[in-house]
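Participant:
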Amino acid sequence: MNILIIDNDESLRYMLTEFCNHAGWQSNTAVNGREGVDLFQREKFDIILVDYHMPEMDGLQTVKEIRKQNQQVPILVLTVDERQEIADRFLEEGATDFALKPVKAPDLISRIQLHVKLANMRSVHEESEEIYSAKGISKNTLSIIAEHLKKEEEPASVDVVSKEIGLAYPTVYRYLMHLLEEGQVKQVISHQKIGRPKKLYKWYTK
């Protein structure tokens, strides 16, 4: 497996490279988005790790440029910013998922393995189709969340679904909101003994 790391932080590039070496993967690095896009055009990569805050071309623009060239490659965004509005912007441009800093080796390795597995699930027929909807919703990611909810008898919170599937919280939240909007998921309010009521989500069965 070949991984492209795009980050202007030298120490983080080194750490991510070491993570890849530990997992037995090849990697290549770029110091900013422009260099990363150029490198992506010249080589074949199985997954891309891209930082949000970078000079010259930030992570958002980088994701946008890469998606113009390739709809399939998984793109994980590295960020300390957990705001949902930032996540939504990235997902709309075609980001696959997020890895929150500080990045931990076991978490990142399992996240990479999950997304490569998802990417490999596509058949030749599916690859010829549009991978993302107009709202930046990936068919593969939507499918894995939907299938998980269908198997669960009890409603679950975004946090629980996130941990069980292995996708980042902001990603799961956006997809659940999409399924809720489409009428495929229903929201259940769970009143706690302590604290505010909790929003849970369950697959809608008529």
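Following the UniProt record's numbering, the numbering of the sequence shown begins with 1 at its first residue and continues without gaps.
Here a beta-carbon is modelled for each residue, glycine too, at the ideal position from N, C-alpha and C.
Note that the structure is a prediction, hence the values are computed from the model and not measured.
Kindly confirm or deny that the region 90-98 and the region 73-81 touch, where touching means at least three C-beta pairs closer than 8 angstroms.
Facilitator: yes
Participant: What residue range does the beta strand (DSSP E) around T79 cover?
Facilitator: 75-79
Participant: Touch check for the region 61-69 and the region 11-29: three-plus C-beta pairs under 8 angstroms?
Facilitator: no
Participant: Got a sec, what are the start and stop residues for the alpha helix (DSSP H) Q61 sits in?
Facilitator: 59-69
Participant: Alpha carbons only, please: which of T62, V188, I3, E10 is nearest the one belonging to K44?
Facilitator: Relative to the Cα of K44, the nearest Cα in the group T62, V188, I3, E10 belongs to I3.
Participant: What's the C-alpha gap between R111 and G166?
Facilitator: The alpha-carbon atoms of R111 and G166 are separated by roughly 7 angstroms.
Participant: Do D51 and L12 have their CB atoms nearer than 9 angstroms?
Facilitator: yes
Participant: Here's the rule: buried if 16 or more other CB atoms are within 10 angstroms of the residue's CB, otherwise exposed. What is H115?
Facilitator: Classification of H115: buried, given that the 10 Å Cβ count is 16 or more.
Participant: Report the residue from R42, A168, V172 whose alpha carbon sits nearest the alpha carbon of D107.
Facilitator: A168
Participant: So, at 8 angstroms on beta carbons, what are the nonlocal neighbours of V124 in its own chain, with the 5 sequence-adjacent residues on each side left out?
Facilitator: In this predicted model, V124 has a pLDDT of only 43, less than 50, meaning its place in the structure is not dependable enough to derive any value.
Participant: Give the range of the alpha helix (DSSP H) segment to which D38 is assigned.
Facilitator: 33-42
Participant: Less than 9 angstroms between the C-beta atoms of L200 and A146, yes or no?
Facilitator: no
Participant: Run the CB neighbour count on G183, radius 10 Å, all protein chains shown included, and call it buried at 16 or more, exposed below.
Facilitator: So G183 counts as exposed.
Participant: What is the DSSP secondary structure of D107, reduced to helix, strand or coil?
Facilitator: helix
Participant: Give me, in chain order, the residues of the same chain whose beta-carbon lies closer than 6 angstroms to that of T29; leave out the 5 immediate sequence neighbours on both sides.
Facilitator: Correct list, in chain order: I5, R13.
Participant: Tell me which residue opens and which closes the beta strand (DSSP E) that A30 is part of.
Facilitator: 26-30
Participant: Can you tell me whether DSSP reads I144 as helix, strand or coil?
Facilitator: helix
Participant: Specify the secondary structure class of L49 as computed by DSSP and reduced to three states.
Facilitator: It is a strand residue.
Participant: Distance, Cα to Cα, G136 vs A87?
Facilitator: The straight-line gap from Cα to Cα measures roughly 11 angstroms.
Participant: Taking just the CA atoms, how far does Y204 sit from P197?
Facilitator: 21 angstroms
Participant: Taking only runs that begin and end inside the region 158-194, name each unbroken beta strand (DSSP E) of 3 or more residues, in chain order.
Facilitator: 185-190
Participant: At what residues does the beta strand (DSSP E) containing I5 begin and finish?
Facilitator: 2-6
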